[in-house]
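K.L.:
Chains as they are written, first to last, in my numbering: chain S, 1 to 288; chain D, 1001 to 1304. Idealized CB from N, CA, C, for every residue including glycine. I have a structure here, written as structure tokens, and I will follow up with some questions on it.
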């Protein structure tokens, strides 16, 4: 690092931390909505009423104050569906990341730590995984086996472990040669103990950063699959599904796709901002 | 160099073989294919007839090796729905997907290289921050939603561009822009990082000491070195774009390979689905090899 960069780091940090705070607030709000959705929804998100279809949101002429964000094509309250959709997005984002994290971290650490043949196999698995078109394969699996939340989470989890594996592999490769690992070996610790107590805690900060970015990616992919009709099964209010259902009305009332889309965009942006902030805070610069 | 290429080729073939197996397993996930093909109202006799007609009564391993044996020679089987050869179907649809992918990639490079250079030159200024913000926004933008928004704005409100179909080059403008969004963040960051690294190197100091103009230093000396990883990654990005174009083809009703795959999934047309997965994977593997080659050709240090 040259002196010039250190001098300029001041204002940059300030701007960065503002982004991190914005991200944290967005994620906090989303978590609140996700956890307390059943308590805070103003209406039943599944209740249809054809007498009040496509009511306009609050910023438009002739809105109904009971329905702040209006209603959808079946007369369901848009705000309630949006809040419930947040619960579904977060649920899928977190569970997919747990599945993909367990897979990716396990094989990444094994490859990076033991090297040799094992590492060759791990690298091959990563290369193969990257050559598989994610959206297409996920669509095919869900299309063949039917739409369900569990299936969706497992499919995405089995497809999205690559970044975990890449980062876990490269970081554990660095940790493997450090003195405290050698000390643990000398003290007679088992392989499992060395991996779980010495290696894993030391690469954890990198993995947390990957996990945030993966949650964002999983949420985007879930929305994409739901939009294509092969994600979350209706009538569950996934944001992607809301956009798909509203698509036929978007030329007459654009807000029907703007509202869930903005929610999706803001949530993913917030998670990414938080992830970038964490990366800076942990001092784990991305390898470029 | 030859040894390196040979090793890469072996790995590529192994990856292709693995994907082939996975694609085959994928379409067998649903259990009995014959029941799905025959449809919900089929009788037991219908299902038996389907099983015989498509050769599904043979042992699974026989079916697998039969498929592999044919696929290696370019015969990907027959579509259940279209009643034509899958390879013909894919060849017919490929130009649309390739046009879309190349449009997206060109736009992405046109946007991200200048942005990356300017951000690097003005490191830590407001412009740099704005560029990084644009990259973050690009990363968070759901492509299908951006596509719909563009359709409302440029297709309906302004009436500048057609909203669906493949009739003219204008049909590819909006889908190309949407597709480029997926690659801009990575390419911009890479250009910026490469330029910052290049600008702090010894040969740039030498060029400065010789009294070369700023433009010449930037574009002739720094960019040449910074561009190597960008060009290499661009090939890989094209692979991702071809795989990801399924969403955009669906939004804009472009009848490319992705659209074909989507239709085929809905129709339980398994030979097409497994063939598209295989073809896209093979293209991706080939593009990563091109990427490695480009790296080696452009950067003499890697040729050792």
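1. Going by DSSP, name the residue or residues bridged to residue 71 of chain S.
2. Tell me the DSSP bridge mates of residue 1316 of chain D?
3. Quick check on the DSSP output: what are the complete alpha helix (DSSP H) runs of length 4 or more inside the stretch 233-271 of chain S, in order along the chain?
4. Run through DSSP, which three-state label would residue 223 of chain S get?
5. Please report whether the beta-carbon of residue 1284 of chain D lies at a distance below 9 Å from any beta-carbon of chain S.
6. For residue 1174 of chain D, count the other beta carbons within 10 Å of its own beta carbon; 16 or more makes it buried, fewer makes it exposed. Which is it?
7. What does residue 1141 of chain D reach in chain S if we use C-beta pairs closer than 7 Å?
8. Alpha carbon to alpha carbon, how far is residue 127 of chain S from residue 196 of chain S? Give it in angstroms, no decimals.
9. At a CB distance below 9 Å, what residues from the stretch 1213-1244 of chain D approach chain S? Give them in sequence order.
10. Name the chain S residues that come within less than 7 Å of residue 1004 of chain D, Cβ to Cβ?
11. Are the stretch 64-81 of chain S and the stretch 253-272 of chain S in contact at 8 Å, needing three or more beta carbon pairs?
12. Starting from the Cα of residue 154 of chain S, find the closest Cα among S:42, S:218, S:26 and S:86 and give me that residue.
13. Would you decide whether residue 1172 of chain D is buried or exposed? Buried here means 16 or more other CB atoms lie within 10 Å of its CB.
14. Going by the CB atoms, is the gap between residue 216 of chain S and residue 238 of chain S shorter than 9 Å?
15. Helix, strand or coil for residue 4 of chain S per DSSP?
16. For residue 159 of chain S, decide whether its Cβ has a neighbour in chain D, counting only Cβ atoms nearer than 9 Å.
17. Return the first residue and the last residue of the alpha helix (DSSP H) that residue 1185 of chain D is part of.
18. Which same chain residues, not among the five before or five after residue 1242 of chain D, have their C-beta less than 7 Å away from its C-beta?
19. Ignore the nearest five residues each way along the sequence and tell me which others in residue 1285 of chain D's own chain have a CB closer than 7 Å to its CB.
20. Is the Cβ of residue 1311 of chain D closer than 9 Å to any Cβ of chain S?
21. Quick check: what's the CA-CA separation for residue 1065 of chain D versus residue 1038 of chain D?
22. With a 10 Å radius around its C-beta and 16 neighbouring C-beta atoms as the bar for buried, classify residue 1213 of chain D as buried or exposed.
23. Which of helix, strand or coil does DSSP assign to residue 150 of chain S?
24. Of all Cβ atoms in chain S, is any one closer than 9 Å to the Cβ of residue 1258 of chain D?
25. Excluding sequence positions up to five away, which residues of its chain have a Cβ less than 7 Å from the Cβ of residue 281 of chain S?
26. Using a Cβ cut-off of 8 Å, pull out every chain D residue sitting near residue 135 of chain S, in sequence order please.
27. What does the alpha-carbon distance come out to for the pair residue 202 of chain S and residue 99 of chain S?
28. In three-state terms, what does DSSP make of residue 1321 of chain D?
29. Are the beta-carbon atoms belonging to residue 1127 of chain D and residue 1272 of chain D less than 9 Å from one another?
30. Does residue 1168 of chain D pass the burial test, meaning 16 or more other C-beta atoms within 10 Å, or should it be called exposed?
31. Hey, how far is the Cα of residue 275 of chain S from the Cα of residue 213 of chain S?
32. Just checking: is the beta-carbon of residue 1144 of chain D within a distance shorter than 9 Å of some beta-carbon in chain S?
33. Strictly below 8 Å CB to CB, what residues from chain D border residue 141 of chain S?
34. Figure out for me which residue from S:72, S:27 and S:61 has the closest Cα to the Cα of residue 47 of chain S.
35. Check the Cβ-Cβ distances between residue 1015 of chain D and every residue of chain S, and say whether any is below 9 Å.
36. Using 8 Å as the cut-off, can you tell me whether the stretch 1185-1199 of chain D makes contact with the stretch 1101-1116 of chain D, which would need three or more C-beta pairs spanning the two stretches below that distance?
P.N.:
Considering the structure as presented:
1. S:77
2. A query on residue 1316 of chain D cannot be resolved here, the shown segment of chain D reaching from 1001 to 1304 and no further.
3. 239-246
4. helix
5. yes
6. buried
7. 265
8. 26 Å
9. 1229, 1236, 1239, 1240, 1242, 1243 and 1244
10. Under the 7 Å cutoff, chain S gives no residues; its nearest Cβ is about 15 Å from residue 1004 of chain D.
11. yes
12. S:218
13. buried
14. no
15. Unreliable positioning characterises residue 4 of chain S in this predicted model, as indicated by a pLDDT of 37, which lies under 50. A coordinate reading is not provided.
16. no
17. 1184-1199
18. 1097, 1101, 1280 and 1283
19. 1012, 1015 and 1016
20. Residue 1311 of chain D is absent from the structure shown; chain D starts at 1001 and stops at 1304.
21. 24 Å
22. exposed
23. helix
24. yes
25. none
26. 1243, 1244, 1246 and 1247
27. 21 Å
28. Past the edges of chain D, shown from 1001 to 1304, lies residue 1321 of chain D, and the structure says nothing about it.
29. no
30. exposed
31. 6 Å
32. yes
33. 1026 and 1029
34. S:72
35. yes
36. yes
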